[in-house]
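There are 2 protein chains.
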Amino acid sequence: MSNGGGAPSSTTHLLDFLEEPIPGVGTYDDFHTIDWVREKCKDRERHRKINSKKKESAWEFTKSLYDAWSGWLVVTLTGLASGALAGLIDIVADWMNDLKEGVCLSAMWFNHEQCCWTSNETTFAERDKCPQWKSWAELILGQAEGPGSYIMNYFMYIYWALSFAFLAVCLVKVFAPYACGSGIPEIKTILSGFIIRGYLGKWTLMIKTITLVLAVASGLSLGKEGPLVHVACCCGNIFSYLFPKYSKNEAKKREVLSAASAAGVSVAFGAPIGGVLFSLEEVSYYFPLKTLWRSFFAALVAAFVLRSINPFGNSRLLIPFILLGYSVLLHDSKCQPVIFVAAITAVVAFPNPYTRQNTSELIKELFTDCGPLESSQLCQYRSQMNGSKAFTDNPNRPAGPGVYAAMWQLCLALIFKIIMTIFTFGLKVPSGLFIPSMAIGAIAGRIVGIAVEQLAYYHHDWFLFKEWCEVGADCITPGLYAMVGAAACLGGVTRMTVSLVVIVFELTGGLEYIVPLMAAVMTSKWVGDAFGREGIYEAHIRLNGYPFLDAKEEFTHITLAREVMRPRRSDPPLAVLTQDDLTVEELQSTINETSYNGFPVIVSKESQRLVGFALRRDITIAIENARRKQEGIMLNSRVYFTQHAPTLPADSPRPLKLRSILDMSPFTVTDHTPMEIVVDIFRKMGLRQCLVTHNGRLLGIITKKDILRHMAQMANLDPESIMFN
Amino acid sequence: MSNGGGAPSSTTHLLDFLEEPIPGVGTYDDFHTIDWVREKCKDRERHRKINSKKKESAWEFTKSLYDAWSGWLVVTLTGLASGALAGLIDIVADWMNDLKEGVCLSAMWFNHEQCCWTSNETTFAERDKCPQWKSWAELILGQAEGPGSYIMNYFMYIYWALSFAFLAVCLVKVFAPYACGSGIPEIKTILSGFIIRGYLGKWTLMIKTITLVLAVASGLSLGKEGPLVHVACCCGNIFSYLFPKYSKNEAKKREVLSAASAAGVSVAFGAPIGGVLFSLEEVSYYFPLKTLWRSFFAALVAAFVLRSINPFGNSRLLIPFILLGYSVLLHDSKCQPVIFVAAITAVVAFPNPYTRQNTSELIKELFTDCGPLESSQLCQYRSQMNGSKAFTDNPNRPAGPGVYAAMWQLCLALIFKIIMTIFTFGLKVPSGLFIPSMAIGAIAGRIVGIAVEQLAYYHHDWFLFKEWCEVGADCITPGLYAMVGAAACLGGVTRMTVSLVVIVFELTGGLEYIVPLMAAVMTSKWVGDAFGREGIYEAHIRLNGYPFLDAKEEFTHITLAREVMRPRRSDPPLAVLTQDDLTVEELQSTINETSYNGFPVIVSKESQRLVGFALRRDITIAIENARRKQEGIMLNSRVYFTQHAPTLPADSPRPLKLRSILDMSPFTVTDHTPMEIVVDIFRKMGLRQCLVTHNGRLLGIITKKDILRHMAQMANLDPESIMFN
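What follows is the structure, given as structure tokens:
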């Protein structure tokens, strides 16, 4: 193609490396799967070019340096942006959460805690009460106590919760439908090599950030951890457009996204090592060691940015968002399910302190053991000072009325959380599962912990407790039970293992908790596996019909490649191209009559010996390009994929050379290859398709879709649930 | 082969799955590379058999449960054993280290600390002085002070150091030559799929454990961390023989070894997460997620066993070892280099307190910042009480004479450690690099730290220090400098990244140190990479000529498969077998005339179409087996690899069917495939060989050895340095 308009190319160059690339060849359609092998070859080729030019001039040398450092640069930027966004989301969501209860008169943009912190009139014990902070009842009715003000507060709480939820769902609907949900199933699919345009774009980023704040503030039973991973991946994707190395190569871009997802978990939990392991264990598909190191770096940068963001006075940015939001609110009103769930959540949540408060704070409170300084209701044990001295060898204490009340409220909160989380996760708002699952587990764990503690107190002569409860040591720590419960619940939902233990370890500190945590996570994983082996993200991927080839799931059937390949016995023969005796017209009709994404090229119909593989998209682009730029290409022009043009009669039109779009090294397997090996090759090499031969002759083709369909069939599922290719 | 002695097999079964396996087929010779694909297929086949039998009886069900749990069982056992051995090594090495200086009269088996701990007469300040502990001078000369007793102690120190070193090297030489060195390069090679029989056997385990104690106690500049990984892998290998799932499958066995290496690092540093990441980043080759989880478990079990081993009164086991050692000492005396290095080490190390003391303790001391309770020489700063009050806003203090003395001794220790470590690592004793490298880095870091601290003290008005040193905060902490130096030095030697940061993080605690640590590790890695990209373990692998295909190193050349494959242009044609017209005699002569490990099987010499691949070892075993068990197999018997026997003349002898040993799904690539893809396939799929075709015809073969030779050629190295296949 390099000599468009001139004589037919007859270069003797081995690989046609120097031919000018046809624009568009090597790109992908939306909802298609990338070819990892081709992308990685492209990147190595680009790398070689830069390296060979490097010594030519100082400018080229600078460019090569920039290229070498761009990987670090992009993960640094991603880490910075994710950390900053997470900080912003935290601050604004806190403020809006408190807005449901009241407002700070001295400074509108302060949340409850900040408002009273700046006040000089408060003591440490009454740190959440100060004259500057007015509840809505105080503001509107002018009184702080009494049933009237309680109802006023209740009403305002519901009003704000509904407004936030309504705004969130409308924004998602109107501006960026991809912003809903947790996003982790889609990110897993994208990382495995699927193209979903716009899923990680700037609109999704903006709307997801805003609606995440609104959804969290509305009090819906959802977490911001999964959405933060999505936000971080959007940042990674957007920054990768600054660097041609990443923007032009889908495989390289996915390395950045792996690092970004680590940064997302890192800011969600403040657990950088856990973030790296989460990226490795749960979301990533292709994870070279270089990515491990960069993920770690991104996770650290993000964690430090988040930590260094001062949580005071930064939330002025919010106001335009709110205005924008309200203008939308006035236009759209088709968001019933969200409003319904939000209304129930708000109505039921308000009276119970454990459901009203921020879920992260609830978890923190449940994890904390009762020390002498702890003023929470959960720690209102009856004092030991009044009791006899005989109890001093048993450090556990009898529960007071506060603990009993808390137990009832926790039981109700548990039931409420379980029901609301189930309904909330399906809503069209950004919603994470981590925090709600952990909260459910933590509540259950704390209830069990307190029960065992009281059992140990009243029956400290039982053999079990005698063994455990040594003199002077806390033998039952309800906080640890809550931690273990949280880890077990989240483990059961997501089937994470190492990364979950490390995240909870980083959250709580202290290696001594690792063994109970591991035992709990393993038990919950096994119990969960007994009901079905897939975690919630895999289940979502399957429900959405994404073509995701799970690297964890083992293929255990004994089928052979020839049983899976197309064409089947009843099918028409395989659509193939011959290397040098087709005309442009025949080629076009073959393409138009079929819908395949690519065609094997063979020596001749008789021998069926395989030469290579040509992609449909590339052929179409190349023909169009040739017609536009090369003279003499007619419908009856001969198409050839060989190195040299075939000998043609004198009056025939100029032939069309398509060797440059021919993949001369397609992957092949024999028809006797067990499918377990074929699946392994697809997973590890990231293939789109693979050709099947028998004794050197082309027999058929296996695509990723064929494999997914076959696996669905083997698991007695509907193979047509795999929608995209 | 199922019907030995009967009529030729004509089963129509698809894959000959039910044919009885020929004993020996599918095993490997020493110093050969395993075929990962075949091993994994074998394991899935075994798994399917157990699963299908599961419902037949309660016994079969129990067997399937045992099979499913055996993975957890073997890593638990490995973790327990590694933790116990590490504890034993710690205790005994401590005791023997103190034996160089004196002996506990009240209880011989107590080390210095334990001896004085049990004594009632000591105070906390003088905790290392008590009447029960006698230095050698006190015991022999009857006096504790004076030049005579110093020389006596010096002499005894050298005497014991030389005895230990001598004993260690003799034991290694006589009983287990594989026990020398750190073992990590060999373990990396074994995990990549190489067979070295006996390297992880019980003799190696026993001798490595004993000689490691001796080598550490002798005061040589070496660490026990690498050898502990080797010890843990020996445990893993030995325990895997209890479970047929692991003992009979080389790929599965390597999963256990990956987990074992994590346990080894875990006990070496008390860093379970770091151990898992070390296994993932540094030593493992094939690391499925299941292994990640099991490695984590093994690392935790090992860490907890080590922690729970009480360091008191457990060392009686030592005495028989010592007796055994001395009997050997009397017989062998060809261990000059070790004795020479040990002698120099002992002579130079004794006068300097920083080289005399245990290296781990030295590192701990260097990492510790000077608090009010610290009595070390490094913390003898001049008291501030005497100084003017103007200095109170600068927390750094002027160095006292103790610090100056320590600085000189540290400088000498640094030079000494650098020189001795270089010579020690090549010796034929178990020797690790971790602790000596960390010690060198920590000494250098502490020296720099104290220097900067004094600079900040005397020039606290400099802009740099003004910025840093806020009021009331320690602005320069020499302990942190030592930590960073240790991490940087170890990072430069091994080129570890994430795992190193996590290990030092787990050693020291505190997320705030991670950023300086990361910066140091990255800088040292980049500086090191500027001199050459390989770490010390990769360099050792190359020096030893192991066939290790590094997964980290990128292949960046543009060669094609046809340039690497054999036969080359000048070579004789490829040795191939035809599928149905060879006789046993022809087959045997083909095998005897060549030294290849396997032969492609083709349809016929004319068509060159590929049918499959047969391994030399399997063919030899199958022919021998047939001659022994099947009647009528002669030299002129026809050999056939096809499904059905070829039609033969009536008087011809009984044909020999070899289809069961034919690999009908060999990996193939086309001659146009770029070598970067071929290398990728070899790495990811773990291949031994791959066949090369052109337009469906067999052209040649590429083996792992060919690839390594080609890579060496491309790097301008001697390709013949790759010794084994």
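Here the protein sequences line up with chains A and B, keeping their order.
Under full-length UniProt numbering, the first residue of the first sequence carries the number 1, and numbering increases by one thereafter.
Under full-length UniProt numbering, the first residue of the second sequence carries the number 1, and numbering increases by one thereafter.
For every residue, glycine included, the Cβ atom is placed at its ideal position computed from N, Cα and C.
Quick caveat, the model's predicted, so the values are computed rather than measured.
Distance from the Cα of B:Glu553 is smallest, within the candidate group B:Ser570, B:Arg533, B:Arg542 and B:Met565, for B:Arg533.
Taking 8 Å as the Cβ-Cβ cut-off, the stretch 637-666 of chain A approaches chain B at Met664, Ser665 and Pro666, given in chain order. DSSP places A:Gln713 in the uninterrupted alpha helix (DSSP H) bounded by Lys704 to Met714. Interface annotation, B:Thr359: not in contact with chain A, CB-CB separation never under 8 Å.
Between A:Trp526 and the set A:Tyr537, A:Met496, A:Leu507 and A:Phe555, the nearest pair of CA atoms involves A:Met496.
Taking 8 Å as the cut-off between beta carbons, the residues of the stretch 23-41 of chain A near chain B are Val37, Lys40 and Cys41, in sequence order.
Chain A has no Cβ within less than 8 Å of the Cβ of B:Glu255. Counting C-beta pairs with one atom in each stretch, the stretch 407-420 of chain A and the stretch 343-362 of chain A have three or more that are closer than 8 Å, which means they touch. A:Ala614 has A:Phe599 as its beta-bridge partners, per DSSP. In this structure, DSSP gives A:Arg654 a state outside helix and strand, which the three-state scheme calls coil. With three or more CB-CB distances shorter than 8 Å, the stretch 23-37 of chain B counts as touching the stretch 677-692 of chain B. Assigned with DSSP and collapsed to three states, B:Ala144 falls in coil, not helix or strand. Three or more beta-carbon pairs separated by less than 8 Å link the stretch 424-438 of chain B to the stretch 219-233 of chain B, which places the two stretches in contact. Taking a cut-off of 8 Å on C-beta distances, the stretch 65-83 of chain A touches the stretch 290-297 of chain A, as three or more cross pairs fall below it.
Within chain A, Phe296, Phe297 and Leu300 have C-beta atoms less than 9 Å from the C-beta of B:Met518, given in sequence order. Of all residues in the stretch 607-623 of chain B, only Ser607, Gln608, Arg609, Leu610, Val611 and Gly612 come within less than 8 Å of chain A when Cβ atoms are compared, listed by chain position. Each residue's CA atom was taken as its position, placing B:Val576 and B:Tyr640 some 14 Å apart. By the criterion of a C-beta distance shorter than 6 Å, B:Gly274 is surrounded in its chain by Ser499, Val502, Ile503 and Glu506, once the five residues flanking it on both sides are discounted. Under a 10 Å Cβ-count criterion, B:Ala58 is classified as exposed, with fewer than 16 other Cβ atoms of the shown protein chains found around its own Cβ.
Here A:Val169 is actually not in contact with A:Leu205; their C-beta atoms are around 18 Å apart, not less than 8 Å. For the stretch 691-723 of chain B, the set of residues with a beta-carbon nearer than 8 Å to any beta-carbon of chain A comprises Thr693, Asn695, Gly696, Arg697 and Leu698, in chain order. Taking the Cα positions, A:Asp580 is about 7 Å away from A:Thr642.
If you check the CB distance, A:Gly535 and A:Val564 do not come in under 8 Å.
For A:Asp550, same chain residues with a beta-carbon under 7 Å away, outside a window of 5 residues either side, are Glu538 in chain order. A:Ile681 is positioned such that its CB atom lies closer than 8 Å to that of A:Cys690. With its beta carbon at least 8 Å from every one in chain B, A:Thr508 lies outside the interface.
B:Arg627 and B:Gly598 have their C-alpha atoms some 21 Å from each other. In the DSSP secondary-structure assignment, A:Cys104 is bridged to A:Trp133. Looking only at B:Val403, B:Ile363, B:Phe367 and B:Thr368, the smallest Cα-Cα distance to B:Arg382 is reached by B:Val403. Under the 8 Å criterion on CB atoms, B:Glu281 is classed as interfacial with respect to chain A. For the pair A:Leu214 and A:Leu85, the Cα-to-Cα distance works out to about 14 Å.
Interface flag for A:Thr497 against chain B is set, since a Cβ pair is found closer than 8 Å. Under DSSP, A:Tyr640 shares a beta bridge with A:Lys657. In terms of Cβ geometry, B:Ala263 and B:Ala299 form a close pair [threshold 8 Å]. Listed along chain A are Ile677, Asp680, Ile681, Lys684 and Met685, each with a C-beta nearer than 9 Å to that of B:Met685. When DSSP states are grouped into helix, strand and coil, A:His672 belongs to the coil group.
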